[in-house]
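Engineer: Counting from 1, position 131 in the sequence shown corresponds to residue 273 in my numbering; the numbering is continuous, with no gaps.
Heads up, the beta-carbon is just placed ideally off N, CA and C, and yes, glycines get one too.
Since the model is a prediction, treat every value here as computed from it, not as a measurement.
Got a structure here, written out as structure tokens. Questions coming.
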Amino acid sequence: MSPDRVAISYQELVATADHLFEACEDDVQCLSRRIETLESDIRNELLVSDLVNAWQVFYYFFRVLPDDLTKERLELEPASSLVHGIKIDEIELLELIFSVKNLEPVITVSDGKLPLVTYKGKTAYAEGLKFIENPPY
Numbered sequence: 143m144s145p146d147r148v149a150i151s152y153q154e155l156v157a158t159a160d161h162l163f164e165a166c167e168d169d170v171q172c173l174s175r176r177i178e179t180l181e182s183d184i185r186n187e188l189l190v191s192d193l194v195n196a197w198q199v200f201y202y203f204f205r206v207l208p209d210d211l212t213k214e215r216l217e218l219e220p221a222s223s224l225v226h227g228i229k230i231d232e233i234e235l236l237e238l239i240f241s242v243k244n245l246e247p248v249i250t251v252s253d254g255k256l257p258l259v260t261y262k263g264k265t266a267y268a269e270g271l272k273f274i275e276n277p278p279y
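Below is the structure:
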């Protein structure tokens with residue numbers, strides 16, 4: 143939330159989410175386009191709320207369709223889980239974790255205990271996949 147703005151009420155967020163889902167139903171592309179048009183304070187609150195799921199936020203930031211298992215994992219988690227991170231993929235002993243930090247998408251590659259590398263921004267998912275599929279060691 144912006145320090146210059148009064149807190150957004152939960153009712154305002156619910157009304158915004160309802161309006162988005164009425165217009166787009168299950169169309170994640172439509173939803174992403176409409177989220178882009180929201181006032182930044184509302185958009186930022188919505189992207190880490192329980193009103194959308196992690197899959198919708200993932201698509202909003204990266205605009206890619208992951209494999210079915212990754213998509214399913216994301217669909218089952220509320221966007222509010224992204225504050226702490228969600229394991230979205232695992233290849234051999236490496237994990238790919240998606241989170242939102244400071245209003246930015248973050249992909250962390252972990253060995254299950256410690257983060258090995260962190261990528262931020264719109265290319266983070268592609269960079270994380272590249273690392274996890276072909277680690278430099």
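(1) I'd like the list of long-range same chain contacts for Tyr-202, defined as Cβ closer than 6 Å, with 5 residues on each side in sequence excluded.
(2) Since Thr-250 sits in a beta bridge, which residues does DSSP pair it with?
(3) With 16 other CB atoms within 10 Å as the buried threshold, where does Pro-247 fall?
(4) Using alpha carbons as the reference points, say which of Asp-209, Val-206, Gly-270 and Leu-211 lies closest to Pro-257.
(5) With DSSP run on the structure shown, which of helix, strand or coil describes Lys-213?
(6) Compute the distance between the beta-carbons of Glu-237 and Gly-263, then report whether it is under 8 Å.
(7) So, are the CB atoms of Leu-155 and Leu-188 less than 8 Å apart?
(8) How big is the Cα-Cα spacing for Ile-239 and Ala-266?
(9) Just the C-alpha distance for Glu-234 and Asn-276, rounded to the nearest angstrom, thanks.
(10) Please state if the CB of Ile-274 and the CB of Tyr-261 are separated by a distance shorter than 8 Å.
Structural biologist: Short version:
(1) Correct list, in chain order: Ser-174 and Ile-177.
(2) DSSP lists Ile-239 and Thr-260 as partners of Thr-250.
(3) Its Cβ being crowded by 16 or more others within 10 Å, Pro-247 is buried.
(4) The option with the nearest alpha carbon to Pro-257 is Gly-270.
(5) The answer is helix: DSSP assigns Lys-213 an H, G or I state.
(6) Taking 8 Å as the Cβ cut-off, Glu-237 and Gly-263 do not qualify as a contacting pair.
(7) A contact, by the Cβ cut-off of 8 Å.
(8) C-alpha of Ile-239 to C-alpha of Ala-266: approximately 11 Å in a straight line.
(9) Answer to the nearest angstrom: the Cα atoms are 11 Å apart.
(10) No.
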